[in-house]
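Report on one structure; see the data block that follows.
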Amino acid sequence: MPDIDPEELKVFLQEVDEQLQLLDQDIIRLEKEPDDADLIQEIFRAAHTLKGSSGMLGFKKMAGLTHVMEDTLDRVRGGKLAVSAELIDSLLLSLDALKAMTAGLESGEESTFEIEPMVASLRQAAGDEPEAAAGADVEPRESIAALVAEDAEVTERIEAALADDSTVRAVHIAIVKGTEWAAVRCLQSLNELSTLGEVIFSSPSQEEIEQEKADSHLDVIIIGGENPDALRDIVSAIEDIEHVSVETWAGASNSTDERKADDGPVDDEEQRAIDLGPEARGKEPREQLEMAGQKIETLQSIRVDIDRLDVLMNLVGELVIDRTRIAQLSRTLRTQYRDSEEIEALSQTCTHIEKIVDELNEGMMGVRMLPIGTLFSKFPRLVRDVARTTGKAVDLVTEGEGTEIDRSVIEKIKDPLVHMLRNAVDHGIESPEEREAAGKPTPAQVYLSAQHEQGNIILTLRDDGKGIDPQVMRANAVKKGILTADAAERLSDAEAIDLIFEPGFSTAAKTTNVSGRGVGMDVVRSGVAAVNGLVKVTSEVGKGTTFTLQLPLTLATFRGLLVESGNGVYAFPLSYVQETGQLDPADVDAIVDAEVLKRSGDVLPLLRLGDACQNGSANGDGLRDQFVVIVKAGDRPVAIAVDALREQQEIVVKSLGSYIGQADNIAGASILGDGQVVLILDVASLVKEVAQGNRRATELERSIS
Amino acid sequence: MANEETAQDGRHLVVFRLGNEAYGIDVRTTREIFHLQGITHVPNAPEYVEGVINLRGKVVPVIDLRKRFGVEVTKATTDSRIVVVEYDGEDVGLIVDAVEEVLTVEADHVAAAPEVTEQEGTSLTQGFAQLDDQLVILVDMETVLGEKEEDSPPQARKAAA
């Protein structure tokens with residue numbers, strides 16, 4: 006790999022990352038809106054930027070491939086080439102190749118990636134003859150230094166000028182492709198530049214330009230151009246100029262590659278190619294500069310290591326706990342020493358600290374929040390790929406991309422969402438023929454949205470496919486031995502559809518390479534439960550299926566209900582709690598080794614928290630004086646008997662530490678204001694255990710009553 | 161680990177008692193020592209994990225070294241202590257019957273653990289130190305708390321936070 010400063014590489018990679026992300030989205034859009042000129046322009050510019058920056062750092066393969074992409078896109082832009090599925094495929098293939106090459110650079114290896122297949126694919130999609138596919142040796146236009154090196158006279162003049170303390174600058178000008186006036190624009194540029202200094206070299210040369218040998222690039226070396234902005238402005242003011250960049254000729258070394266690596270007196274900002282886009286052309290130079298300034302400013306965000314954020318987050322979490330403790334102490338003191346001025350002052354300070362800590366906590370949460378669009382943006386590509394391999398025609402419509410959610414939640418729901426989307430396209434959506442036969446429009450629609458709702462995020466994934474047939478679900482459950490025929494018959498339609506989340510259940514008649522990976526929707530439910538979330542499904546045969554995910558905004562804190570059991574205090578995430586109340590032993594029946602609770606016409610499996618947590622609770626000796634918490638995490642509510650109910654409060658989640666790792670039924674720990682450690686219940690695993698054990702008992706009881 | 165680099169030189173040991181035996185751990189891995197109190201039991205954790213405590217706002221696991229070493233577990237007394245050690249960047253509390261003293265041991269008073277136990281791969285000790293009238297067993301934190309032990313795989317951090 007060329008010798009590159011690690012910092013420079015980092016900036017480059019970041020930029021490439023952004024451009025690739027942009028291209029990914031835009032190319033998918035292009036397929037749907039092939040006539041959107043602005044869109045094509047945007048894609049073209051992204052490819053162009055990539056070509057420029059990779060070429061500048063000497064990554065020839067990247068530059069070569071992006072050059073071919075740029076060429077192809079240019080023809081699309083000029084209306085010479087129509088957007089086809091093959092073209093989009095080729096562009097996406099090239100993008101993948103670029104991503105692979107970037108990944109190679111990140112790990113510090115010179116890429117051994119072969120770009121010829123991508124180049125050939127692009128050429129073919131563009132309808133070119135295969136022999137034109139000599140893209141690998143395409144050189145970006147950074148060859149001016151080499152040209153200069155060949156010209157002894159110019160080299161001499163540059164050296165003389167430098168020795169003389171004059172400024173030597175190289176001006177790179179890109180002219181809008183396809184313009185009939187390329188030669189004129191080149192000459193205009195040379196003329197204008199001559200007013201600011203002495204033009205000693207240009208490629209193509211003035212003679213060549215006059216012989217109409219000009220193409221879309223012009224490189225100029227000028228002595229005495231004192232102000233780089235002025236050089237840029239004067240050229241930008243000319244019609245049909247797409248892009249101007251000015252560099253300082255950095256000195257002694259005038260061989261091709263060293264020049265860029267030499268940081269010397271080169272001003273960073275001068276090196277940055279200023280591409281103002283068509284909207285800026287023809288405006289007053291001052292305005293253009295301001296726009297350039299803005300453009301640079303938007304790049305000014307800081308990347309912070311997530312580990313460092315976590316450390317801060319933990320510290321703030323501890324502050325929140327202490328805040329509660331201090332507030333309690335202050336109240337106690339106040340009741341004890343009513344008339345003390347100091348105590349009064351102390352309690353005022355406490356109130357202030359409480360406010361600050363709350364704001365700090367909120368701010369900290371905010372820092373960890375990301376718009377969910379960062380996740381959604383990956384899905385159009387996914388849906389398109391799955392649709393192409395399965396021969397479906399599907400439009401993905403997304404909404405609510407700006408909804409913010411904790412990045413750790415985003416990370417954890419990514420896989421479940423990907424899985425659900427694959428399933429929706431692969432199994433949910435019918436083939437175009439089936440849809441036509443059923444009188445449904447093609448392409449089919451998959452709709453994904455995010456919105457805030459009462460401190461949660463609600464994700465909705467809806468398809469207009471064939472829906473889930475409860476009758477098929479029942480039959481499958483029996484066939485797979487999950488339920489007996491009797492039990493299956495007794496399930497309501499909603500319960501039957503809910504079977505999709507059972508382990509080992511898959512509705513697809515045959516697995517495909519798209520979604521047949523040995524995992525089913527049970528992974529989705531457990532994945533969502535891992536973030537204290539819920540997933541629900543509704544479906545109508547022939548109309549489609551809707552999945553609803555309820556997710557917490559953050560994993561760091563939650564509203565919890567505290568309960569006592571045995572010698573411990575436990576916290577239920579409030580999102581799972583449906584209701585609480587006194588337990589009447591008369592409502593409890595023991596059936597087949599399991600207990601059930603009859604409550605408002607329904608029969609719920611009953612779990613004694615004392616048993617589940619082995620905490621020595623006698624569970625009220627025959628369930629007298631016990632309380633019940635009714636939770637819902639799976640398909641059915643479950644009743645949990647506890648010794649006492651306590652207050653609700655904000656719970657700061659702490660890990661049990663890697664030494665204990667994960668204990669069954671326990672999701673973590675927290676510390677109360679008085680310093681006591683409480684355990685956070687893993688409701689999903691509690692409920693899973695009891696639901697399986699008690700399913701039969703509940704069914705029996707239901708059939709009796 | 162600190163244990164290894166001091167094998168040559170004299171080292172400072174925190175000496176504590178489990179049953180009738182004296183054990184020693186490197187003083188530098190020891191964070192603090194306090195009375196046995198306020199342990200919250202964690203269900204379904206490994207048997208020798210007694211629970212968790214609140215150590216200045218941090219949740220710290222506490223393990224019963226007596227169970228770990230197969231020493232008879234007697235009722236907690238006023239001598240019982242929790243010794244908090246740092247291992248692999250995390251604090252872990254160890255329940256011991258009593259903490260006796262901090263000693264300096266010369267290198268030539270340290271003997272390696274008998275080979276028989278080494279070969280069985282179950283040795284929880286690093287060796288022994290002969291001190292005046294008593295034998296102090298040097299605890300190997302890595303095998304007591306580390307991944308070498310089969311039945312206590314410290315799992316990947318499942319922190320919900």
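As you go down the protein sequences, you meet chains A and B in turn. Numbering follows the numbering used here, with no gaps: position 435 of the first sequence is 440. Numbering follows the numbering used here, with no gaps: position 154 of the second sequence is 314. Note that beta-carbon positions come from the ideal geometry of N, C-alpha and C, so glycine has one too.
**Report entry** Whole-angstrom C-beta distance between VAL245/B and ARG191/B, which should lie under 8 Å
**Finding:** For ARG191/B against VAL245/B, the beta-carbon gap comes to about 6 Å, under 8 Å, which counts as contact.
Query raised in the report: Taking one C-beta from the segment 195-212 of chain B and one from the segment 659-670 of chain A each time, how about it: are there three or more such pairs within less than 8 Å?
Result: Three or more beta-carbon pairs separated by less than 8 Å link the segment 195-212 of chain B to the segment 659-670 of chain A, which places the two stretches in contact.
Query raised in the report: Any contact of the segment 339-347 of chain A with the segment 370-385 of chain A, i.e. 3+ C-beta pairs under 8 Å?
Result: These segments do not touch.
Report task. Report the rounded CA-to-CA distance for LYS227/B versus VAL270/B, giving the unit in angstroms. Result -> Between the alpha carbons of LYS227/B and VAL270/B lies a distance of about 25 Å.
Requested in this report: Please go through the same chain and pick out, in chain order, the residues whose beta-carbon is closer than 6 Å to the beta-carbon of GLN654/A, but skip the five residues on each side of it.
Outcome: If we look at GLN654/A and ignore the five residues flanking it on each side, it has no Cβ neighbours.
Query raised in the report: Rounded to a whole number of angstroms, what is the C-alpha to C-alpha distance between ALA595/A and VAL202/B?
Result: One C-alpha to the other measures close to 28 Å.
Requested in this report: Evaluate contact between the segment 217-231 of chain B and the segment 248-258 of chain B, counting only Cβ atoms and requiring at least three cross-stretch pairs below 8 Å.
Outcome: Yes: at least three Cβ pairs fall under 8 Å.
Query raised in the report: Quick one: is GLY217/B near chain A, going by C-beta distance under 8 Å?
Result: Chain A, which has a Cβ nearer than 8 Å to the Cβ of GLY217/B, makes this yes.
Report task. Output the distance between the C-alpha atoms of VAL682/A and ASP491/A, rounded to the nearest integer angstrom. Result -> In this structure, the straight-line span from the alpha carbon of VAL682/A to that of ASP491/A is close to 46 Å.
Report task. Label ARG308/A either buried or exposed according to how many other C-beta atoms from any shown protein chain fall within 10 Å of its C-beta, with 16 as the threshold for buried. Result -> It is exposed - the Cβ of ARG308/A has fewer than 16 other Cβ atoms within 10 Å.
Report task. For the alpha helix (DSSP H) containing PRO578/A, list its first residue and its last residue. Result -> Annotation: PRO578/A is outside any alpha helix (DSSP H); the continuous beta strand (DSSP E) that includes it extends over 573-578.
Query raised in the report: Taking the alpha-carbon positions, what's the ASN180/B to GLN294/B distance?
Result: Each residue's Cα considered, the two are about 11 Å apart.
Query raised in the report: Under three-state DSSP, which class holds TYR664/A?
Result: Reduced to three states, the DSSP call for TYR664/A is coil.
Query - Start and end residues, beta strand (DSSP E) containing HIS201/B - result: Premise fails: HIS201/B is in no beta strand (DSSP E) and is neither H nor E.
Query raised in the report: So which residues of chain B does GLU323/A contact, with C-beta pairs closer than 9 Å?
Result: Within chain B, the residues whose beta carbon sits less than 9 Å from that of GLU323/A are ARG216, GLY217 and LYS218, listed in sequence order.
Query raised in the report: Tell me, which residues are paired with ASN214/B by DSSP?
Result: DSSP, once it has assigned bridges, lists VAL219/B as partnering ASN214/B.
Query raised in the report: So which of ARG34/A, THR585/A, VAL568/A and TYR452/A has the shortest CA-CA distance to GLY549/A?
Result: The candidate whose alpha carbon is nearest that of GLY549/A is TYR452/A.
Query raised in the report: Does ASN204/B get closer than 8 Å to chain A when you measure Cβ to Cβ?
Result: Yes, because at least one Cβ of chain A sits closer than 8 Å to the Cβ of ASN204/B.
Query raised in the report: Which of the three DSSP states, helix, strand or coil, is assigned to THR1/A?
Result: Here chain A has residues from 6 to 710 only, and residue 1/A is not among them.
Query raised in the report: Can at least three beta-carbon pairs, one atom from the segment 229-244 of chain A and one from the segment 170-190 of chain A, be found at a separation below 8 Å?
Result: Verdict: yes, contact present.
Query - chain A contact for LEU305/B (CB, 8 Å cutoff) - result: It does; some Cβ of chain A falls within 8 Å.
Query raised in the report: Based on Cα-Cα distance, which residue from ALA289/B, ASP268/B, TYR247/B and GLU302/B lies nearest to THR189/B?
Result: The shortest Cα separation from THR189/B among ALA289/B, ASP268/B, TYR247/B and GLU302/B belongs to TYR247/B.
Query raised in the report: Leaving out five residues before and five after ARG237/A in sequence, what residues of the same chain have Cβ atoms less than 6 Å from its Cβ?
Result: Closer than 6 Å at the Cβ level, and outside the excluded window around ARG237/A, lie VAL249 and VAL251.
Report task. Give the range of the beta strand (DSSP E) segment to which VAL608/A is assigned. Result -> Run containing VAL608/A: 607-613, per the beta strand (DSSP E) assignment.
Requested in this report: Kindly indicate which three-state DSSP category ASP273/A falls into: helix, strand or coil?
Outcome: Confidence is the limiting factor: at ASP273/A the pLDDT is only 39, short of 50, which leaves the residue's position unreliable, though a coordinate-based value still follows. Here ASP273/A carries a helix assignment [DSSP, helix/strand/coil].
Requested in this report: To the nearest angstrom, report how far apart GLU694/A and ARG641/A are at their CA atoms.
Outcome: Using only the alpha carbons, I get a separation of about 13 Å.
Report task. Grab me the residues of ARG629/A's own chain with a C-beta within less than 8 Å of its C-beta, minus the 5 sequence neighbours each way, in chain order. Result -> Excluding five sequence positions before and after ARG629/A, the CB atoms of its chain that fall closer than 8 Å to its own CB belong to PRO590, given in chain order.
Query raised in the report: Taking contact to mean at least 3 C-beta pairs separated by less than 8 Å, is the segment 406-419 of chain A in contact with the segment 451-470 of chain A?
Result: Yes, since at least three Cβ pairs between the segment 406-419 of chain A and the segment 451-470 of chain A fall closer than 8 Å, the two stretches touch.
Requested in this report: Could you work out which residues of chain B lie near LYS445/A, taking near to mean beta carbons separated by less than 8 Å?
Outcome: None at all; the shortest Cβ gap to chain B is about 43 Å.
Report task. Just the chain A side, please: which residues come within less than 7 Å of THR200/B by C-beta, in chain order? Result -> For the C-beta of THR200/B, the chain A residues within less than 7 Å are, from N- to C-terminus, GLY573, VAL682 and LEU684.
**Report entry** Residue interval of the alpha helix (DSSP H) (run including ILE348/A)
**Finding:** For ILE348/A, the enclosing alpha helix (DSSP H) has its first and last residue at 346-373.
Query raised in the report: According to a CB-to-CB cut-off of less than 7 Å, which residues of the segment 251-268 of chain B neighbour chain A?
Result: Residues passing the 7 Å Cβ filter: VAL252.
Query raised in the report: Straight-line CA distance for LYS450/A to GLU435/A?
Result: It is Gln, not Lys, that sits at residue 450/A in the sequence shown. Their backbone Cα atoms lie some 11 Å apart in a straight line.
Query raised in the report: Does the distance from the CB of LEU198/A to the CB of VAL173/A come in under 8 Å?
Result: Contact flag unset, no.
**Report entry** Outcome for GLY673/A when other beta-carbon atoms lying within 10 angstroms are tallied against a minimum of 16
**Finding:** Classification of GLY673/A: buried, given that the 10 Å Cβ count is 16 or more.
**Report entry** DSSP state of GLU217/A mapped onto helix, strand, coil
**Finding:** For GLU217/A, the secondary structure class from DSSP, reduced to helix, strand or coil, is coil.
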